[in-house]
Amino acid sequence: MELAAIASAAVPGLTPTGVAGIPDDAADFESALLVDDSGKQWRVRSPKHPDASMRLETELQALKAFTPAIRAELPFLVPHIAGTLRQGELCTFVYAHLEGSVRELDDLAGGGNELVKELGRMLAAIHDLPPLLVHNADLPSYEANEFRQRKLNELDQAATTGRIPAHLLRRWEHALEDVTLWRFHATVVHGDLHEDNLLISAGRVSAVTGWTDLRVGDPADDFAWLLAASNPGFADAVHNAYVAARGEAADPHLMRRAALAAEFALAQWLVRGVAMNNSEMIAEAEDMMSTLDRDLQAEEAAAAAYRAQQSQHLPDTTIADTNGADTDSADGEVAEPALPIDDHSVAGETIEDDGGDTSGFDDGDPGTGTGAESPDTDGDAGNESANTTENPRPFSVSPVPADDTETSSLPIIKSS
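Heads up: take any position in the sequence shown, counting from 1, add 10, and you land on this note's numbering.
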């Protein structure tokens, strides 16, 4: 009941009559859903250490920048902070309740075309926000080259841990050094977007929460979470809806940078675990990177084997077929793989480039560079995107915010 008492002190007139725990990042926050004497619901989020408190205070800055005029233009609600209470270095936040429920990523992917369009419109609305909103809140702003250099610095920091597979380090380094990949128009980005920060109601995105990383930067970062869906066409479908909603020419490299962001999140999780001296986080990051590394190397080996097989069965065009024999005889046929193999995969998911280019990040190995062609020469097979290796479990490196959890089934414990 400590959180109930804190909430009462933070919001004058709030008298909690019930409380229920809600999921959150256990390493950083303690959170609860409260019900007051009028039946209204509130969410309270209390940090466990100064870094977590700083994240909440950053969100406060961000939410203050959403003026009534800006909020009115958005197709979704953003949280309203009802009150705060500082205790030493830590500051607890109380949020007014938002309607809607959190859905699993695969539930979103299976929600139909209208929900896909909703997600595209939601992303477009965020990226169309005026950069002045971020500047006025004194939040970070990065142009394309600044952003790329920042990622290179993060990669250097991750490499010093000595815990990242060499193959992944080369892959990420070569991707970051490919300047053509990083020619993009910087926009306002949410920065911590994933399914846990979306509330869905009546088939639409009713609210977006978790604004702790609002900034001007690479719009691809807000697409990275989509690539963990088991439906390989989901991310591209949302991206197409996004392009239609923004009414601009598509960034041909956006989804490839999103793939890199999803992979690189594992290195960031590792660095955070090392900084916190958290052995569980370190072990989890190492396990996920090992799985990713194995999957990528298996795909690259299969792609190389297929190319070698194709080169051995090229038709001989220098000798005329005087016998009229069928040059595609059973002995000379080469079975094309049923599943295309891409180099730009994230945690076992094959990702199609939005510009039709199915090449992946350059990892330094022959035939797997940024400009390499897919072994699928048909052009349509890429739409049957599937994986030749078993998918590792999905990962999420972001905490669950206090005001985005399904509450309809939470047991409310009456206070005495």
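By construction, the Cβ of each residue, glycine as well, lies at the ideal position given by its N, Cα and C atoms.
Computed from a prediction, not measured in an experiment: that's the story for all the values here.
Return the bridge partner residues of Val-198 from the DSSP annotation. Val-226
Taking contact to mean 3 or more Cβ pairs, one atom from each stretch, closer than 8 Å, check whether the segment 133-151 and the segment 222-241 are in contact. yes
Verify whether the separation of the beta carbon atoms of Val-29 and Leu-44 is less than 7 Å. yes
Between His-323 and Tyr-316, what straight-line distance do the alpha-carbon atoms span, to the nearest angstrom? 11 Å
According to the neighbour-count rule (16 or more other Cβ atoms, all chains shown, within 10 Å of its Cβ), is Lys-50 buried or exposed? exposed
Using the three-state DSSP reduction, which class does Arg-193 fall into: helix, strand or coil? coil
Where Trp-221 falls: helix, strand or coil (DSSP): coil
Three or more C-beta pairs closer than 8 Å, one from the segment 111-121 and one from the segment 197-216: is that the case here? yes
Coil, strand or helix - Thr-170 by DSSP: coil
List the residues that DSSP assigns as beta-bridge partners of Trp-52. Leu-44, Ala-106
Which residue marks the beginning of the beta strand (DSSP E) containing Ile-91, and which one marks its end? 91-97
Would you grab the beta carbon distance between His-263 and Asp-232 for me? Rounded to a whole angstrom, and I think it's under 8 Å. Actually they do not touch by this definition, with Cβ atoms about 15 Å apart.
Buried or exposed for His-249, going by 16 or more other Cβ atoms inside 10 Å? buried
Closest residue to Thr-219 among Thr-94, Ala-260, Pro-89, Leu-191 (Cα-Cα distance): Pro-89
Collapsed DSSP secondary structure at Val-112 in the structure displayed: coil
Near Glu-296, what residues of its chain come up, given a Cβ to Cβ distance below 8 Å and the 5 sequence neighbours on each side ignored? Arg-173, Leu-280
Per the DSSP calculation, Ser-31 is bridged to which residue(s)? Note that residue 31 is Gly in the sequence shown, not Ser. In the DSSP output, where bridge partners are listed per residue, Gly-31 has Ala-42.
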